[in-house]
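Remarks on the structure that follows.
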Amino acid sequence: MLQVSVLREHTAEALVALAKKHYKTAEADVQAVLDLDQRRRQLQTEHDSAQAEANELARQIGGLMKAGNKAEAEELKARTATLKQQTKQHADELAQVEQGLQQVLWKLPNLPHSSVPEGRSAQDNEVVREVGNKPALLADALPHWELIKKYDIIDFELGVKITGAGFPVYKNQGARLQRALINFFLDEARTAGYTEMQPPILVNEASGYGTGQLPDKEGQMYHDAQDNLYLIPTSEVPITNLYRDEIIPTEKLPIRNTAYTPCFRREAGSWGADVRGLNRLHQFDKVEIVQITEPEHSYATLEQMVGHIESLLQKLQLPYRVLRLCGGDMGFTSALTYDLEVWSAAQQRWLEVSSASNFETYQANRLKLRYRAEGGKTQLLHTLNGSALALPRIVAALLENNQTADGIALPEVLHSYCGFSKIG
RNA sequence: AGAGAGGUGGCAGAGUGGUCGAAUGCGACGGAUUCGAAAUCCGUUAUACCUGCAAGGGUAUCGGGGGUUCGAAUCCCCCCCUCUCUGCCA
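Each residue of the first sequence is one higher than the last, beginning at 8 in our numbering.
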């Protein structure tokens, strides 16, 4: 959620920024925020002074009652009636205005950072760098959805049988590879200074609002209506919400956490060739890194996080590229997002395996996540997160890129984690 | 799931209708003392919003919401959560 003070003090810049995100009703909505905010303050002032007067009368009545001066007390009581009505009216209207204000604020996306490229769709994303060499495959190279059958390591039909489409069953070396990757990613994160966490994968409504999945994107999440809990679409949700309603002591900053969790996405719609095999699933595994920093450090931190993710891809010897997402393609809550994509040799396309974002104060504002800045004032922190990494497409690329006549040769870094060096 | 108890400031814990944002203790911070420290003493120590250039002033908040009252942490209603016992169970 954007801060009203930012919209008020930097209105023109905010409008430019919203335009970059292709937010259509920016002008009207920002104006609505400013109007509602002004009305809110006016009402607050009126309400407070009426309340102050009522409090003063109550004090006087108390004194008179104690002194046994009943008649005079009654006289004052009569005067409180109109005041009471007034404050009630103010309070009602104030609540209404505040609700209206919040509704508009919830609609407004985060303001993109100045380095975010202009653009409407994925084609307009900026390729920051491309690293590694695309492998040359044999003419009869197979896409991963054939390879998993050939080596009997992932079974989609079985998943359909027990759950549904998009819930694969990992078998044999496929299951062990999953476990190996999770351990590898967690170990790397821990070595890089992140604290390992194991959060619940069901979260309550308040957490959904805190990181911005609610109110708008409830369709993305699986929902247990009986207990009103949501299956997490990413561990960003529980890990960031750990700090909801907190004022973090400066010496604890920056906060750096990592977690492995399964992730659940309903992903209504969009089926087709691009989503075959492991390319898009309802349930998948992911190791996430989350940082919470003081505002002045957050962009350096984002670069550092991208660096960590790149180091993973390098160790896995996967060719990859780093994209800076354009205004039209980046997420609602993000101020700057880097996507990392690996080259999937048999599919001949790039697959997104990680997304690292700086949310600045957008999430923190909802979360009421603050620290005490110099001078003792509380101030919103910046939140960041990134996948390090999401497993399915990594697996897809590993299988496709490393296929040989007699099996799939895994990168060396995984050998000890897997307990084998090749599949098949 | 059934029965009972309870939710108060960073923590512990008083407070059952009137100047209570809340005693007291602990912790933390500042100062005095000390060569330094411990101990001791003095002081400070919640958050949000409104107003003000500022100093300051005001309002709200004692799990959440509603109600009674001139006045609610305190009384009434609803909801949520936690703990204990019983049941079930990895």
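Beta carbons are placed, not taken as given, at the ideal position from N, Cα and C, and that holds for glycine.
Drop a sphere of 10 angstroms on the beta-carbon of LEU433, count the other beta-carbons inside from all chains shown, and report buried for 16 or more, exposed for fewer.
This structure cannot settle anything about residue 433, because the visible part of the chain is limited to 8 through 431.
Hey, out of ILE296, GLN298, TYR424, GLN410, whose CA is closest to GLY431's CA?
GLN410
Considering Cα atoms alone, identify which of LEU396, ASN179, GLN93, VAL104 is closest to ASP346.
LEU396
To which residues of the same chain is ARG183 closer than 7 Å at the C-beta, ignoring the five residues directly before and after it?
CYS425, GLY426
Please report the Cβ distance between SER351 and LEU358, rounded to the nearest whole angstrom; I am assuming they are in contact, meaning their Cβ atoms lie under 8 Å.
5 Å
Give the single residue among VAL37, ARG197, PHE174 whose Cα lies nearest to the Cα of LYS114.
VAL37
Cβ separation of VAL123 and ARG328, assumed to be a contact under 8 Å, to the nearest whole Å:
VAL123 to ARG328, Cβ: 18 Å. No contact.
Taking its Cβ as the centre, do 16 or more other Cβ atoms sit within 10 Å of GLU34, making it buried, or is it exposed?
exposed
Beta-carbon proximity check, SER341 vs GLY393, cutoff 8 Å:
no
Is it right to say VAL210 is buried, meaning 16 or more other beta carbons lie within 10 angstroms of its own, or is it exposed?
buried
Looking only at its chain, what residues have a beta carbon closer than 8 Å to the beta carbon of LEU387, apart from the 5 residues adjacent to it on each side?
GLN10, PRO302, THR368, ALA371, ASN372, LEU376, ARG377
As assigned by DSSP and simplified to three states, the class of LYS429
strand
Excluding the five sequence neighbours on either side, which residues of its own chain have a C-beta within less than 6 Å of the C-beta of ILE155, listed in chain order?
ILE161
Using a threshold of 8 Å, state whether the C-beta atoms of ALA67 and LEU90 are closer than that.
Rather than Ala, the amino acid found at residue 67 in this sequence is Gln. Not closer than 8 Å, so no.
With PHE291 as the anchor, note down where its beta strand (DSSP E) starts and where it stops.
290-300
Is it true that the CB of THR268 sits closer than 8 Å to the CB of LYS293?
yes
THR411, DSSP secondary structure in three states
strand
In whole angstroms, what separates the C-alpha of ALA78 from that of ARG48?
38 Å
Is ILE246 near the ligand MG, judged by its Cβ being under 7 Å from some heavy atom?
Ligands are entirely absent from the displayed structure, and the ligand MG is therefore not among its contents.
DSSP-derived helix/strand/coil call for HIS120
coil
Please specify which runs of the beta strand (DSSP E), each continuous and at least 3 residues long, are wholly inside the segment 321-393, giving them in chain order.
327-331, 343-351, 356-365, 377-379, 385-387
Would you check if the distance between the CB atom of GLN354 and the CB atom of PRO418 is smaller than 8 Å?
no
Separation of GLN51 from THR390, as counted between CA atoms:
31 Å
In three-state DSSP terms, what is MET204?
strand
Between the segment 85-100 and the segment 201-215, can you find at least three pairs of beta-carbon atoms closer than 8 Å?
no
Can you round the beta-carbon distance between PRO326 and GLY139 to whole angstroms, since I take them to be within the 8 Å contact cut?
3 Å
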